[in-house]
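Quick note on UniProt numbering: the sequence shown kicks off at 1 and runs consecutively. Beneath this line is the structure, given in structure tokens, with notes to follow.
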Amino acid sequence: MRGPSAVAAIAAATTLAVEVRSWSVSPISIGLTKLQNPRPQRRHHDRLPSTNNERRSRRPAVAGTALHSGSSDDVQHQLRSMGLNELQTQFRLAIAREDMDAAIIFRDELADRVSSGAYREIDDDEDAEVKNARLSWKGLGTAPWLVDRVEALGYPLPTTIQINSFEAVNVLLSTVDQISLIRSNADDTLEERLESRSPQNFGVVISGSTGSGKTLAYMVPTLSTLSQTLFTRQRIRLKAEEDVGDMMGDLLDRVMVQASPSVRGQGYEQVGGKEGRGALTGAALASLGKSGTDVKSPVALIVVPTRELGVQIALLLFELVGGNKKGSATESSGRRNMFKYKGPKGVKIGCVLDDNTAKEGLKLQTDVAITTPQYLGRLLQDGDIDPSMLRVVVYDEADLGLEQTSEEILNQLFENKEQKQKFSRISYLVGATVTESLASLAVKDEVLPDGKSFIATATRFAPLTKEDELDVEGDTSGPMVGIGSSPDSRATLSDLGLCLDPGLRHERVVTTYNTELLCLARMLRQELKDFEAANELLAESVDDESDTLLKQLEELREETKDLEQDSDLASVFAMKEPQNKLQKPRVVVFFPDEDEAKDAIFSLRDAMWGDHKIGVLLPKGEQPLSIMEAFKNGDLSVLLATPNSVRGLDFPALTHVYTLFLPSEDPREYLHLAGRVGRIGQQGSVKGIGGRVTAIIDPDEANAYDEMAKFLGFDYEDISPPESAITDESDVEDVRRFLEDSYTLLGTAEDFDEKSPSENEGDEDKEQGR
Ligand SMILES: Nc1ncnc2c1ncn2[C@@H]1O[C@H](COP(=O)(O)OP(=O)(O)OP(=O)(O)O)[C@@H](O)[C@H]1O
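Structure follows, in structure tokens:
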């Protein structure tokens, strides 16, 4: 254990290093004093009122934490100005570096925010333990094996949306008497509570900004409510295999799922299963039939709009149920080690996400199926999914997914009248842009049944109420009698809005027609130069005797290296970089379509001269997973993407998003695109940086951008396109680059003046005498 002064020093130094990363604002004039300036005031943020002012005012100003030292009021001001993603990242960092003073401050702030938005308010004088229990997986009621697992995977604490979603499930599945027990020592598990009721439907809408942790917000309660079921299925399978004396096939399969050395580049096959694997022999099947227990149809279904998102979710689930995603054969899996895994084994995840896998359908005995709306109908029709067996249905990116699913298929999936149902079912509708349009859902009464549905956001959770019922004073309808029955503690679908992360910084660059690529290349180069300048500055400051903080940072981070690796904090601390260096810019660039992205790659590669390694992620590309993996590992630093990848994909340690694609007709897509940066744990979510999103557009799009910004309610900064760097003093290299750019990035040698393409076309027509 380190002493408190060292702890404070590392905290201060970390703050400094983190803030240096905001070099891009004013690269050259950067100085250490400047670096310590607080970041600009946030502009849009639905802050929660403090519910415990007295305790807040007693909080010490903690010198040398991520909070700038100052008076108690200053500290509180800084805390309140933090978005939830940022606060959670800081809390996690403080714990990782054992800075308990700071951790307590962040924890209390989070506990306040979570409790003030809770459906059932906790009184101020109620035991603080109860309040803080909300902040832990265990306290929420997560299955014990899963508590171990999420910790081992680097998610030691739930995020606020995860807390609220879990609490929503807790309240839904509780009787009035049980509610007070939920966070104390309730004897029965979540699953037992679900099973003790006659079969019925429950609904949870999870609505929160991009990168707030919505995937685990449904995954953890889902696995907690399926825990025993999965263990039972495991036992039944084993028994069936013993009965027919043919254990090998499935055992091999089970070992493969648990012990696979790597899912790199073949993750899809890994989770989808290869041909022949996973299927029991005919004899085994017959014996399953005899046992009278059906373990053939999946118990959970996750519907996603794209293949990439499906794979990402499958891989997370794969890890949660004991799968081992070692990067290489020699890499130590440390705390992720499967031998410490105590959960149900051999859980089978079946993905039907493209034509190839759709041909085969789901493997027999799939426990959790993951598919897109495109293939859902076929799976239902072929009997691969029996709706009456489903205990959990998730629509991730629900707004889009539901739009893409026909009414007929929704009916098949959800119109599963309760009297015929064998099991209770929880449906989760999840997304950053799920809105009141859900009310028009054809099967709304089945998906979000009255009195049995909740809304969970990053700041609150509350039962879903019909708009007109809100006026009924003291309304006590539904099973939640006696808890929070005042209208204020209820929510309606109209409370749902588009959730744009308030921490993001938006920039608009209006450039002349057809020069977007050129502008992008110049901005990327400038960013690299600024990054190098900031790094040099850091190196100099380390040499400077007066600046001991960075030296301490270096030493202490060396000391905590294992801890950081263990806690999977590499993305935050940029472990691949030398200790006193910043993380190299890592960006995603969105293009309007596949052709433009493909065309851009060659010219951009030339233009970056190897300073950036560039890859392109195409929806129908050959190896989307290896490209994503290469970007994840840092082998690529610029990823060109298409609108297909704007939703849900979690690109680690991203510093910046650029877009040459303006989804002005559907602002929801801008929100998702922007939300690839500024996510929990990313550089861009850490104080002083905020995710940065730069749209490079032509003059025709300028107004549309402005309208979109107004619609989504964000402020933006206008940035001038970078000028050519050629002056009398330019060296030969610069001139050569300039000339090359003119040929490769402008795409044509035409004179691109301020006219629009249509005007330019007119000129062409004239030239050609048309
Ligand atoms: N409890 C946690 N502790 C630490 N990190 C977490 C936790 N939960 C999620 N994360 C990290 O936060 C990031 C965002 O999570 P996730 O992809 O679930 O966000 P999301 O809300 O679904 O975003 P989007 O709307 O863009 O799909 C991921 O990198 C994930 O690993």
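Built from N, CA and C at the ideal position, the CB exists for glycine as well.
Query	Result
8 Å Cβ cutoff met for residue 397 and residue 693	no
Contact check, residue 678 vs residue 503, beta carbons under 8 Å	yes
Proximity below 8 Å, CB of residue 778 to CB of residue 491	In the structure as shown, the chain begins at 1 and stops at 770. Residue 778 is therefore absent and cannot be evaluated.
Three-state secondary structure assigned by DSSP to residue 494	helix
Inter-residue Cα distance where the pair is residue 700 and residue 346	55 Å
Beta-carbon spacing of residue 132, residue 103 below 8 Å	no
Residues that DSSP places opposite residue 461 in a beta bridge	456
Extent of the continuous beta strand (DSSP E) to which residue 427 belongs	425-431
Cβ-based burial, residue 162 [other Cβ within 10 Å; buried from 16]	buried
Cβ neighbours of residue 228 in the same chain (closer than 6 Å, five flanking residues each side left out)	191
Boundaries (first-last residue) of the beta strand (DSSP E) holding residue 716	716-719
Collapsed DSSP secondary structure at residue 656 in the structure displayed	strand
Check whether residue 628 and residue 640 have beta carbons under 8 Å apart	no
Closest residue to residue 447 among 196, 200, 168 and 230 (Cα-Cα distance)	200
Ligand 1 heavy atom lying under 7 Å from the CB of residue 158	yes
Helix, strand or coil at residue 694 [DSSP, three-state]	strand
Same chain, Cβ closer than 6 Å to residue 382, neighbours up to 5 away in sequence not counted	361
Helix, strand or coil at residue 72 according to DSSP, with G and I counted as helix	helix
Beta-bridge partners of residue 395, as assigned by DSSP	303 and 429
Residue from 674, 160 and 624 whose Cα sits closest to the Cα of residue 310	624
Any non-hydrogen atom of ligand 1 within 7 Å of residue 650 CB	yes
For residue 77, the three-state DSSP class (helix, strand or coil)	helix
For residue 92, three-class secondary structure by DSSP	helix
Residues bridged to residue 506 [DSSP beta-bridge criterion]	693 and 716
Spatial distance of residue 642 from residue 593 (CA atoms)	5 Å
Residue 212: CB within 7 Å of a non-hydrogen atom of ligand 1	yes
Segment contact flag, the stretch 439-446 with the stretch 456-463, C-beta cutoff 8 Å, min 3 pairs	no
Three-way DSSP call (helix, strand, coil) for residue 371 in this model	strand
Reference residue 635; option with closest CA among 510, 99, 652 and 415	652
DSSP three-state assignment for residue 154, whether helix, strand or coil	coil
Residue interval of the alpha helix (DSSP H) (run including residue 588)	Not the alpha helix (DSSP H): residue 588 falls in the beta strand (DSSP E), residues 587-590.
Beta-ladder partner(s) of residue 207, from DSSP	431
Three or more C-beta pairs below 8 Å linking the stretch 164-174 and the stretch 405-413	no
Per-residue burial, residue 715 [other beta carbons within 10 Å of its own, 16 or more giving buried]	exposed
Contact under 8 Å by Cβ, residue 375 with residue 393	no
Buried/exposed call for residue 232, threshold 16 Cβ in 10 Å	exposed
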